[in-house]
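Peer 1:
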Amino acid sequence: MTTTDTPRYAPEWLELREGADAAARAPELLEPLRARPAGGTVRVIHDLGCGTGSLGRWLAPRLDGPQEWVLHDHDPGLLELAAERAPRTAADGSPVTVRTRRGDLGSLTADDLAGASLVTASALLDVLTADEIEGLAAACAGAGCPVLLALSVAGRVELAPEDPLDAEIAEAFDAHQRRSGLLGPDAVAVASEAFARHGATVRTHASPWLLGPGESALAAEWLRGWVGAAVEHRPELEPRAERYLRRRLAECAAGGLRVVVHHDDLLALPRPVSPGPTGGVS
Ligand SMILES: C[S@@+](CC[C@H](N)C(=O)[O-])C[C@H]1O[C@@H](n2cnc3c(N)ncnc32)[C@H](O)[C@@H]1O
Numbered sequence: 142m143t144t145t146d147t148p149r150y151a152p153e154w155l156e157l158r159e160g161a162d163a164a165a166r167a168p169e170l171l172e173p174l175r176a177r178p179a180g181g182t183v184r185v186i187h188d189l190g191c192g193t194g195s196l197g198r199w200l201a202p203r204l205d206g207p208q209e210w211v212l213h214d215h216d217p218g219l220l221e222l223a224a225e226r227a228p229r230t231a232a233d234g235s236p237v238t239v240r241t242r243r244g245d246l247g248s249l250t251a252d253d254l255a256g257a258s259l260v261t262a263s264a265l266l267d268v269l270t271a272d273e274i275e276g277l278a279a280a281c282a283g284a285g286c287p288v289l290l291a292l293s294v295a296g297r298v299e300l301a302p303e304d305p306l307d308a309e310i311a312e313a314f315d316a317h318q319r320r321s322g323l324l325g326p327d328a329v330a331v332a333s334e335a336f337a338r339h340g341a342t343v344r345t346h347a348s349p350w351l352l353g354p355g356e357s358a359l360a361a362e363w364l365r366g367w368v369g370a371a372v373e374h375r376p377e378l379e380p381r382a383e384r385y386l387r388r389r390l391a392e393c394a395a396g397g398l399r400v401v402v403h404h405d406d407l408l409a410l411p412r413p414v415s416p417g418p419t420g421g422v423s
């Protein structure tokens, strides 16, 4: 991906969503990842597009054994925050260390992931293109480790109470997400296909944000971004969308709005290496 048209992610936005992200993640997909590496080996975990490191704060304390996190992002400010705020201990008290790697994930190769025990990312897939996802699947297949890709938007939102403009805004938002070849709501299907083609077994699990009165600050900020992106894609919506946003923000402030933003988590497990005819590995 070129960096010229790359959106910058405000740390304040990433912080605001961290609690809802944590509540939404699918712990069911962690089961195959729980086994400790043999002989006290350090687990090397690559977090792609780490932002402020929210995924590491959730995942590191859920896995046993010593861990080394390699945090990747193209934004140096976010990398610095992620390194500062990284957890220091694993579930069993083993040490967790971090290092950072600044760069464009579009050019990630299997060599960059050599020695990885796990590759993971959160809220990343939907801002990639099909070529970038193909490159990611190829790099991960080369590394031969599990891959956990969390919280990709699914292209479905539910708002209660309903409003006649909901569907039109949702459609314009999804079209905005698909701008310039980005995958937006198609990302999980495209990634599932790419990882399977590279020999992985793929599982997905729903990971929706459930936003009620307790998450009104996040819901309001999400609404501003959701409606704003829809209008950017279809400027003629503006007068109606402005009134819509005012109505929705008032409902939100009064504790009368519930929003479900559907996401999916994806786990890709590499094909087990089969014994060759002489008992070696093929
Ligand atoms: C939506 S944020 C998610 C951040 C974090 N994973 C989280 O869940 O809070 C996407 C992150 O990916 C990074 N990013 C997006 N495209 C990238 C690319 N092509 N190369 C490197 N980093 C990228 C952004 O800088 C941002 O930190």
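So our numbering is basically just the index in the sequence shown, starting at one, shifted up by 141.
Cβ atoms here follow ideal geometry from the backbone N, Cα and C, with glycine treated the same way.
1) Short of 8 Å in beta carbon distance, which residues of its chain neighbour S235, apart from the five on each side in sequence? Order them along the chain.
2) I want to know whether the segment 209–225 touches the segment 191–201 - three or more CB-CB distances under 8 Å.
3) Is any heavy atom in ligand 1 found nearer than 8 Å to the beta carbon of S321?
4) Where does A295 fall in DSSP's three states?
5) Is DSSP giving E373 helix, strand or coil here?
6) Given 8 Å as the limit, tell me if S263 has its C-beta closer than that to any heavy atom belonging to ligand 1.
7) For H346, which beta-bridge partners are listed by DSSP?
8) Should L259 be counted as a contact of ligand 1 given a C-beta to heavy atom distance under 8 Å?
9) Using only alpha-carbon positions, find the residue among S333, G397 and R389 that is nearest to D267.
10) According to DSSP, is P173 helix, strand or coil?
11) In terms of residues, what are the limits of the alpha helix (DSSP H) holding A279?
12) Work out the CA separation of H339 and L398 for me, nearest whole Å.
13) Closest to E383 by C-alpha separation, out of A395, W367, A264 and G396, would be which residue?
14) Applying the criterion that 16 or more other CB atoms from any shown protein chain within 10 Å of the CB defines a buried residue, is E172 buried or exposed?
15) Quick check for students: name the residue ranges of the alpha helix (DSSP H) that lie wholly in the segment 180–264, counting only runs of 4 or more.
16) Do L290 and A262 have their C-beta atoms within less than 9 Å of each other?
17) Could you tell me which of L259, R412 and V400 sits nearest to E303, measuring between CA atoms?
Peer 2: So, to answer that:
1) Cβ within range, chain order: D205, G206, P207 and Q208.
2) Under the Cβ criterion (8 Å, minimum of three pairs), the segment 209–225 counts as touching the segment 191–201.
3) It does not: the Cβ of S321 is nowhere closer than 8 Å to a heavy atom of ligand 1.
4) If DSSP states are grouped into helix, strand and coil, A295 belongs with the strands.
5) DSSP places E373 in the helix class (H, G or I) of the three-state scheme.
6) Answer for S263: yes, Cβ within range of ligand 1.
7) Paired residue(s): D406.
8) Every heavy atom of ligand 1 is 8 Å or more from the Cβ of L259, so no.
9) Looking at S333, G397 and R389, the one whose alpha-carbon comes closest to that of D267 is S333.
10) If DSSP states are grouped into helix, strand and coil, P173 belongs with the helices.
11) Where A279 is concerned, the enclosing alpha helix (DSSP H) stretches over A271 to A284.
12) Distance between the alpha carbons of L398 and H339 is about 43 Å.
13) Looking at the Cα atoms, W367 is the closest of the given residues.
14) With fewer than 16 other beta carbons inside 10 angstroms of its own, E172 counts as exposed.
15) If we require 4 residues or more, the alpha helix (DSSP H) runs fully inside the segment 180–264 come out as 195–200 and 217–225.
16) Yes. Within cutoff.
17) Answer by Cα proximity: V400.
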